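Everything in the first sequence is counted per this note's numbering, starting at 1 for the first residue and increasing by one.
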Amino acid sequence: MSSDAIRAALVQRLRISSGISDEDVSAILALPISVKQYAAERSVVSDGQRATDCCLIAEGFCVRSKTIADGRRQILSIHIPGEIPDLMSLFLHVMDHDLVTLTPCTLGFISHETLRKLHFRRPNVAEIFWRDTLIDAAMFREWIVNVGQRPAPARLAHVMAELRERLKIIGRAQTNSFEMPLTQEQIGEAIGITAVHANRVIRQLREDGVVDLHRGRVTVLDEAKFQELADFDNRYLHQSPAT
DNA sequence: TCATTAACTGAGG
DNA sequence: CCTCAGTTAATGA
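Right under this line is the structure:
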C-alpha cells in the first residue's frame, strides 16, 4: 500500500470525528512517513521501550495490552485503520504498555520530531490530536466499566458494538456484519475471562439468536436483542466535533 | 493451532 | 438450588 493511502486513512477518520480543515489536511498529507509491513502477532512497541515515532495504522488490526508477572495478558483496546494508537508516546516517551499487531498490518511511522514541528506550525492540528487522545481516554473509561461491571455476554456484546461503531466511521462495517479478528483466547484476554468461557459465551449468544462470531467476523442476528444486551451508548466516542 | 464440548468444581446469591 | 466461571481433558476442523 502506498503511503498516500495511509495518510488518507488518517484524514478520513479525522474529518469525521474532528471537522479538520482542508489546510490542516494538506499539512498532514505532506508529512514524511515511513511505511512498514508487519505480520500478525508482532510487537510494534513494547512496554518500557522509548518511542521515537508514532504509529498510524493503514491496514489491519492492532491491540494495546499489558502482561502481568504470571504471564497473563490484559487487552486494553482494539485499534483499526486510520488510528494512531500510540499518539501519547509523543509526550510520554517510555511506553507503559505494549502495542501488538493482531492481523498482518501496514503501519506508517511519523517521527516525534515531525509531529512536534507540526504542532507548532498548526495549532489546529495539535488540538485535533489532543481531542483524539481525550477520546482515547474516554474509551478506556468505558472499557473499565465494561470489564468491571457487566456480565460476560454483555461485555462481549459491548466490545462488538463499539468496534462496529468505529468501523462504520471508516466505512468498514455494515450494520449486521463486520470484522473482529480476535481468537477466543484474545477475546478472553480482552474481557477478562478464560478462552473456554469465551467459547461458552459466544455459543450462548449464538443460541440465543443475538449475534454470531465466526472466523473473525461478527454477524448480528437480532439488532434489538444485540443493542439491549450491549447497553451501548455512542456518546463517549464524541464523534461530532460540534457537540 | 484454534475451536468445541463435557465434566467437574467452587463461589456466591 | 441456580448461575457464573475456572480447570482439565478429550476431540474436531
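Idealized CB from N, CA, C, for every residue including glycine. These numbers were taken from a predicted model, which means no experiment stands behind them.
Collapsing the DSSP output to three states places residue 170 in coil. Beta bridge pairing from DSSP links residue 59 with 106. Between the C-alpha atoms of residue 192 and residue 145 there is a straight-line separation of about 12 Å. With a minimum length of 4 residues, the unbroken runs of alpha helix (DSSP H) contained wholly in the region 159 to 210 fall at 184 to 191, 195 to 207.
Distance between residue 182 and residue 102, taken at the CA atoms: about 7 Å. A Cβ-Cβ distance of about 16 Å is found for the pair residue 85 and residue 40, leaving them out of contact under the 8 Å criterion. Three or more beta-carbon pairs drawn from the region 127 to 140 and the region 13 to 27 are found closer than 8 Å, and the two stretches are therefore classed as touching. Under a 10 Å Cβ-count criterion, residue 178 is classified as buried, with 16 or more other Cβ atoms of the shown protein chains found around its own Cβ. By the Cβ criterion, the region 200 to 214 is not in contact with the region 44 to 58, since fewer than three pairs of Cβ atoms, one from each stretch, lie closer than 8 Å. Taking a cut-off of 8 Å for Cβ pairs, the region 61 to 80 and the region 23 to 35 do not touch, as fewer than three such pairs fall below it. Considering only 115, 57, 147, 175, the residue with the shortest C-alpha distance to residue 226 is 175. At a Cβ-Cβ threshold of 9 Å, residue 55 and residue 90 do not count as neighbours.
Taking C-alpha positions only, residue 210 is separated from residue 123 by approximately 45 Å. Between residue 111 and residue 194, the C-beta spacing is not below 9 Å.
Measuring C-alpha to C-alpha distances from residue 118 to each of 173, 24, 10 identifies 24 as the nearest. Sequence-distant Cβ neighbours of residue 67 in its own chain, meaning closer than 6 Å and more than five residues away, are 73.
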